[in-house]
Every structure is written in C-alpha cells, then in structure tokens.
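Engineer: For my numbering, count along the sequence shown from 1 and bump the result up by 10.
No residue lacks a Cβ here, since even glycine has one placed at the ideal position from N, Cα and C.
Predicted model, so just to flag it, every value in this text is computed and none were measured.
This is the structure I have questions about; it appears just below.
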Amino acid sequence: MLLVALLVAPVLPAQAPATPRSYERFAVVCQSREAAAAGAAVLARGGNAVDAAVATAFAMAVTYPAAGNIGGGGFLVLFAPAREEGGAVVAETLTTFDFRERAPARAHPRMFLDEKGEYDATRHHWSHLAVGVPGTVAGLGLAHSRHGRLPWQELLAPAVKLAREGFPVSAGLAESIVEVIDDLRPAPSARRQFTREGRRPLRPGELLVQPELADTIERIANHGAREFYTGRTAELLVREMERGGGWITAADLVGYRAVERPAIVGTYRDVTVASMGPPSSGGIALVEMLNILETFDLRESGPGSAATVHLMAEAMRRAFADRARFVGDVDFVDVPIERLTSKSHAAELARSISTRRASSSSPTTFTWPPESDETTHISIVDGDGMAVSLTTTLEQSFGARIVVPGAGFLLNNQMGDFNGAPGLTTDTGLIGTPPNLAGPGKRMISSMTPTILLRDSGSGRRLAAVVGSPGGRTIINSVLGVVIQFVDFGRNIQEAVDAPRVHHQWLPDVVWLERGFSPDTRRLLRELGHDVRLRDGPQGSVMAIAPDPESGRLRIGRDRRRPGSAAAGR
Ligand code: DON
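Here it is, written out as structure tokens:
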C-alpha cells in the first residue's frame, strides 16, 4: 500500500504556488511526467523546440493513451525569433502545421445515415467509419523535416523505450483505463494491452508495457514518418479497417499529407496573438473574441466580476455563431478569415452588446454536437526562444477505442467532428450545415487552439507566452480566459491558468462557470438575463509557458485541474 502511495504521489495535483515554477533556459509542460522528461532531455542535448515536440508527442502516444497518439491528429504553432547567424540576420519564423485527420476517399455527407436514412450516432462516433486518416506522424515528420535539428530516430527513442520497458501507471492513467476497458476492441488483444494478463485493468504503480506499440514506433523511427502511411504499420491499419468495416484504404494512407499553413494572427492590446487556422476554428474564434473584448475596458470591470463575465459570454456567443456559419476545411470551403478576424467586424459585433442585458442566441438556428474532453496540449520553449504550441487528440478518450492488432496503437474517432448529415439540425444539438459535411479527403472542423503570444522588443518580436488546452469547444474559451488574465489583469502565467473559467458556445444559450465565482457574481449574471450553470468538473487543462519580462526565466503555467500534468526543464 505504502509503495503504491509513494509511486503515485508525484502525479497528484498540488496546491497552487503564488509564484510559478520557472526555468532559466528551456522548458516543457504537458500532461505526462515521462513525456515532459523526454522532451527536456532532448533540449538538454542541444535539440530545439521542434525536436523536443517530436520526442514529447511520441512519448505521450505511449504514456497518455487518452489523447497522446500516433493514430490521431493535431495542430502545431511554431515561433522562432529573428536571430543573427554568421553576421547575417535570419528572419523570424511564425508558422503552423495542420495534421488534422482527413476523411477517406469513400466518405460522403450521408455516410452516417443507416439503411433507412436515419442518422446513426454509433456510426458517426463509435464505428470504424468514425476513424479519420491519422495525421500525427506526418505532421510531426513535416515539422521536423523543416525545422528539426537532431536526427528523427534519436527523438523517437524515448517513446520506444517507454513502450518496450514500460512505465508505472499513474493514478490518472489507471482511472482512464477503468473508464474505457470494457469498450476496447478488438478483444481480447486490445484489452490485454491495458490489463494485467487480460484480467483486471492495470493499477497505479504497475508497469504498462506495450511491445507492439514499441515495434511500431521503432519502425517509424527507422524508416521515417512515411512508414506509417506506406509500410507495415499501414498494412496493419488497413487490415483492421477491412475486419471492422471501415473505409480507410491503403490509397487513403499513401495520399495523406500534413500541411504547413500561415498562422491566424491578430493583436490584443500590446500583444500579437498567433494561433491555428482552419480546419481548426480556434484561431479565428479566439482573435474574433479578443477583438470584441478590446473595445471594452476589462481592467475597469475587473477579474471575476459579473460585468467581465457578461462581456466574455457575449463575445463568445457571437464568435461561436460565426464559427458555426462559416468555418470548415479551407481546402473545400471559402472561409472569410480576414473578415472574421478584422477589427471592423468585431466593432460591429461589439456595438450589438448591451452592458445591461444578455442577448439571446436564436433558437431557430442550430447547435453543435457535443464534443468530449480528451485532447492534450504540450508547450515548449527552447534556449533560443523558439516556442512550440502543440495540441493533439484522438477526439474522445482512447479515440474510437480500437487498438490496431499487431501495431498496438489506438485509432481516433475524429469523423465525429463532421456534421451528422445534410440538413440534420435539431434542438438536441445535431447540425447539418454545409461547411462541415463529410467529403472525400476533407478535414473535419476542430476547436483546438494552440496559441503563441508575442510582444515587440527593441530587436523584433519576442515570446510573451505559449498556451493551449484540451476540452472540445471549451478549448477556445479556456485559452481566451488565460489571455485575458495574463494581458488585462497582469496575472502571472500560473495565476492566469488557475483562475476560474467561463464557457458560452452560442447554443445552448448557457453560461457555464467553473467553481470559484462568487454567489454575488452568479446572481448579477442571472439578473442580466443569463442562464448560469455551474460546471461539476474542470474546464480544460491549460499548459503554458511565459518568460518573465524582467529576468527572462521561463515561468510555467501548469494546470492542476487534472492529475498528471508535469513540467521539466533547466
Ligand atoms: O478537434 C476538436 O476540437 C475535438 N475533436 C477535440 C476533442 C477534445 O478536445 C476533447 N478534449 N479534451
């Protein structure tokens, strides 16, 4: 008993310190102690932030099966300040990598309807049809080929070791295994991976050893990222699709490409905000909300007040309505990015906000299907000020709950982020608007919001903060809340992460509050006309890093809302 307690102790949430932990040169913060250590070790050996991101993300595919993955997808935002090299100035880098899953070639808008033409939620979210063509390996490979410094193989070695030799199961991991164990398929192989000899779920402190996953990552290490799409791994994935009635073919895998795209860039008071563009709605919605809020004096209304929460909820309502109307895969639909992120559009929306009365979301329009809470965020800063903000997901916890036999990795159920069917719009939360209907090769809309804040310095833009979170649509609002705490209220990054969070998503027309807002605030919000509800659990799990403007030390904002978050650095 004592042994178990000792092993578990380091991953239990701690009390918030008033002063954030900080590191002098480099730092990694994420939802897994082993993965943070893997990333920090790469930085200590002279790797840069992209190298560390590759090492951390692959390690998380082993240690955090709820959302760390090679069978899912994600987005990475990268910033490197301008620097001098050999007497010449090398320009700043600000870019993003989109490795969102894509629909297979056979996909079509009505693919989630059954034989009778009825919408079938199981097909949409839990069948082999719910699996999108995975993007993570291609995305990390692309970012590494453009910006990495250390050899690929070396970066994957810690993940191989963690999978082959095992690592002690944390309390959080043990809990997540219990939640999904009866759904894992195909049985018995999938179940065996996370149980003791196929019987009971692994307990805290026991070793999770994953030899098939170790072999898979080793193949990717030895043969490069394309192995996942063209090699033995691809073969095993396609075999599982055939077995389970999925539509992903060898050609879909061969055809998958990650894409480098320009960041969505806005300004908010004295910071530049760089975040992810479509198919993620995160960057557009974040910049739109910040533009609206910039027209109000939040310092005057103050942190945690009803006046501030009201303005935030009204900004959220408007940005989420635009998200629903306009955002989808830019390779398929025209998304009016410039207009949505412009100051003039925000000014127009801000004029429609009353400080004395809540607006209402139109019930004649539509809502979005629920999204789960399983995604994960990694923030990294290296010794040269290069920063990576990386959010990655399988969609739900353990994705589709399918472990590819012989390959040991979990498949996503990201196709569930497409709309259910054309015209299928109900007040229970289904939607059928065109921009986000399934189609061959299309990427489904996302809310992931990996973000980097910059400030001007005498010698070009410098990092102000790296931020991101899991949490489905709440992601965008969790990031928004941290930015406001940090920029408007001058909170340090740990305080900004700790501050209670707010969520409104247009429809349903509800303001969700985390615990921590006073009863007076809640009463005043109700008096303004809001339907205020208290969230039982936490909203999101933000991982952030912000250099202290005076000392330059890298301060950590590590969310303790969920167990297992960890920072490492030097
Ligand atoms: O891409 C998205 O927005 C969702 N599939 C993410 C799901 C999620 O964040 C669950 N998170 N904790």
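Between the Cα of glutamine 163 and the Cα atoms of Arg174, Ile187 and Ile227, which residue gives the shortest distance?
Structural biologist: Nearest C-alpha to glutamine 163: Ile227.
Engineer: So, under 8 Å CB-CB, valine 106 and phenylalanine 85 are touching, yes? Tell me the CB distance rounded to an integer number of Å.
Structural biologist: Reading off the sequence shown, one finds threonine at residue 106, where the question assumed valine. Indeed, because the Cβ distance is near 6 Å, the residues count as touching under 8 Å.
Engineer: Tell me, which residues are paired with alanine 397 by DSSP?
Structural biologist: For alanine 397, which the question treats as bridged, DSSP gives the partners Phe89 and Val391.
Engineer: On a CA-only basis, which of Gln406, Gly293 and Leu321 is nearest valine 489? Give me that one, please.
Structural biologist: Checked all of Gln406, Gly293 and Leu321; the closest Cα to valine 489 is Gly293.
Engineer: Report yes if the CB atom of alanine 77 is closer than 7 Å to the CB atom of threonine 385, and no otherwise.
Structural biologist: Result yes, Cβ atoms of alanine 77 and threonine 385 sit closer than 7 Å.
Engineer: Whole-angstrom Cβ separation of isoleucine 187 and proline 211, contact assumed at under 8 Å?
Structural biologist: The Cβ separation is near 5 Å, so the contact holds.
Engineer: Pairs of beta-carbons, one from the segment 413-420 and one from the segment 109-128, closer than 8 Å: are there three or more?
Structural biologist: No: fewer than three Cβ pairs fall under 8 Å.
Engineer: Assign arginine 328 to one of two classes, buried (16 or more other C-beta atoms within 10 Å of its C-beta) or exposed (fewer than that).
Structural biologist: By the 10 Å Cβ count, arginine 328 comes out buried.
Engineer: For a test of the three-state rule: what should DSSP assign to glutamate 524, helix, strand or coil?
Structural biologist: Looking at glutamate 524 - three-state DSSP - the assignment turns out to be coil, as it is neither helix nor strand.
Engineer: Using three-state DSSP, classify leucine 564 as helix, strand or coil.
Structural biologist: DSSP places leucine 564 in strand when its eight states are reduced to three.
Engineer: Within 6 Å: the Cβ of glycine 481 and any heavy atom of the ligand DON?
Structural biologist: Yes; taking the cut-off as 6 Å, the Cβ of glycine 481 has a heavy atom of the ligand DON nearer than that.
Engineer: Just checking, does the segment 304-319 make contact with the segment 138-145 on the three C-beta pairs under 8 Å criterion?
Structural biologist: No, the segment 304-319 is not in contact with the segment 138-145.
Engineer: Looking at C-alpha atoms only, which residue of Arg253, Glu175 and Val147 is the closest neighbour of glycine 234?
Structural biologist: It is Val147.
Engineer: Check whether the Cβ atoms of glycine 526 and proline 548 sit closer than 7 Å, and answer yes or no.
Structural biologist: Contact flag unset, no.
Engineer: May I ask whether a heavy atom of the ligand DON can be found less than 6 Å away from the beta carbon of methionine 251?
Structural biologist: The answer is no for methionine 251.
Engineer: With burial defined as no fewer than 16 other Cβ atoms inside 10 Å of the residue's Cβ, what is the status of histidine 387: buried or exposed?
Structural biologist: Histidine 387 comes out buried.
Engineer: Using DSSP with H/G/I as helix, E/B as strand and the rest coil, what is leucine 463?
Structural biologist: Strand, per DSSP.
Engineer: Quick check on alanine 316: does DSSP put it in helix, strand or coil?
Structural biologist: Looking at alanine 316 - three-state DSSP - the assignment turns out to be helix.
Engineer: Apart from the five residues just before and just after valine 179, which ones in its own chain have a Cβ nearer than 8 Å to its Cβ?
Structural biologist: Cβ neighbours of valine 179 beyond the five flanking positions: Ile187, Leu212, Arg213, Pro214, Gly215, Glu216, Leu217 and Leu218.
Engineer: Can you find the residues in the same chain that come closer than 7 Å, C-beta to C-beta, to alanine 224, ignoring five residues on each side of it along the sequence?
Structural biologist: So the qualifying residues of the chain are Val170, Ala173 and Arg174.
Engineer: Would you mind giving the Cβ-Cβ distance between glutamate 95 and arginine 580, rounded to the nearest angstrom? I have them listed as a contact below 8 Å.
Structural biologist: 23 Å between Cβ atoms; not a contact.
Engineer: Is it the case that the CB of methionine 553 approaches a heavy atom of the ligand DON more closely than 6 Å?
Structural biologist: No.
Engineer: Which residues does DSSP pair with proline 557 in a beta bridge?
Structural biologist: In the DSSP output, where bridge partners are listed per residue, proline 557 has Leu564.
Engineer: If I measure Cβ to Cβ from leucine 247 and keep anything under 6 Å in the same chain, skipping five residues before and after, which residues do I get?
Structural biologist: If we look at leucine 247 and ignore the five residues flanking it on each side, its Cβ neighbours are Val414.
Engineer: Would DSSP call tyrosine 239 helix, strand or coil?
Structural biologist: Tyrosine 239 falls in the helix class under three-state DSSP.
Engineer: For aspartate 569, count the other beta carbons within 10 Å of its own beta carbon; 16 or more makes it buried, fewer makes it exposed. Which is it?
Structural biologist: Looking at its Cβ environment, which holds 16 or more other Cβ atoms inside 10 Å, aspartate 569 is buried.
Engineer: Near isoleucine 462, which residues of its chain fall below 6 Å by C-beta distance, leaving aside the five closest residues on each side in sequence?
Structural biologist: For isoleucine 462, where only same-chain residues beyond five positions count, the Cβ hits under 6 Å are Val87, Phe89, Ala284, Ala397, Ser399 and Val476.
Engineer: If you run the structure through DSSP and keep just helix, strand and coil, what is valine 477?
Structural biologist: Note: valine 477 maps to strand in three-state DSSP.
Engineer: Suppose you measure from the CA of proline 380 to the CA of alanine 92; what does that come to, to the nearest Å?
Structural biologist: A caution first: proline 380 carries a pLDDT of 46, below 50, which makes its placement in the model too unreliable to give a value.
Engineer: Could you spell out where the alpha helix (DSSP H) holding glutamate 44 opens and where it closes?
Structural biologist: 43-54 is the span of the alpha helix (DSSP H), which, as asked, contains glutamate 44.
Engineer: On the DSSP bridge assignment, give the partners of alanine 576 in chain order.
Structural biologist: Partner(s): Cys40.
Engineer: Heavy atom of the ligand DON less than 6 Å from the Cβ of threonine 146, yes or no?
Structural biologist: Threonine 146: no, Cβ never under 6 Å from the ligand DON.
Engineer: Taking the alpha-carbon positions, what's the isoleucine 555 to isoleucine 503 distance?
Structural biologist: Each residue's Cα considered, the two are about 7 Å apart.
Engineer: Using only the alpha-carbon positions, how far apart do aspartate 341 and proline 529 sit?
Structural biologist: Distance between the alpha carbons of aspartate 341 and proline 529 is about 47 Å.
Engineer: On the premise that leucine 263 lies in contact with tyrosine 239, defined as a C-beta separation below 8 Å, what is that separation, rounded to the nearest angstrom?
Structural biologist: Sure, about 4 Å apart at Cβ, within 8 Å.
Engineer: What would DSSP say about glycine 82, mapped onto helix, strand or coil?
Structural biologist: In the structure shown, glycine 82 sits in coil (DSSP, three-state: anything other than H, G, I, E or B).
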